[in-house]
Amino acid sequence: MQMNITTRHYPDMTDALRAGVEDRLFKMERFFDRILEARVILTGEKHRHQAEITLHLPRGKRLSAKEVSTSMETAVDMAAKKIESQVKKFKEKRRDRKRVSVKI
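If you want the working numbering, it's the position in the sequence shown, counting the first as 1, plus 224.
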């Protein structure tokens with residue numbers, strides 16, 4: 225999976241935060257191993273931090289989640305949980321389509 229982390233108006237990007245974001249996104253491959261690209265945009269203002277995660281999947285599919293919080297770590301965590309549930313739901317839909325009914 226190719227990963228792109230971008231910050232906007234957030235000069236306090238630490239190595240620990242970057243490693244945490246990368247770790248959360250690599251765990252997504254445990255649920256669906258065909259993620260092509262992950263884009264993360266971290267936007268910081270005075271007391272409003274926003275994390276936006278976009279996953280690019282095969283056949284042009286995109287999953288995205290955006291969360292706002294008072295701390296960047298919390299915003300990233302909430303967005304990661306949201307995108308994780310979307311990945312699980314997407315995988316379930318794909319699996320259900322492959323099932324074939326039995327002819328009697």
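Every residue, glycine too, gets a C-beta built ideally from N, C-alpha and C. Nothing here was measured: the structure is a model prediction, and the numbers come from that model.
Who pairs with residue i in a beta bridge, going by DSSP?
i, result
"G268", "H273"
"K290", "E276"
For residue i and residue j, which I take to be in contact (beta-carbon distance under 8 Å), what is that distance rounded to the nearest angstrom?
i, j, result
"Q310", "L287", "5 Å"
"K306", "A289", "4 Å"
Anyone know if the C-beta pair for residue i and residue j falls short of 7 Å?
i, j, result
"A303", "I277", "yes"
"R254", "N228", "no"
"T230", "I265", "yes"
Which residue from the options puts its Cα closest to that of residue i?
i, options, result
"A240", "M296, A289, R258", "M296"
"Q274", "K313, R258, L260, S293", "S293"
"R272", "R283, F314, D247, R232", "R232"
"D257", "Q226, D320, V326", "Q226"
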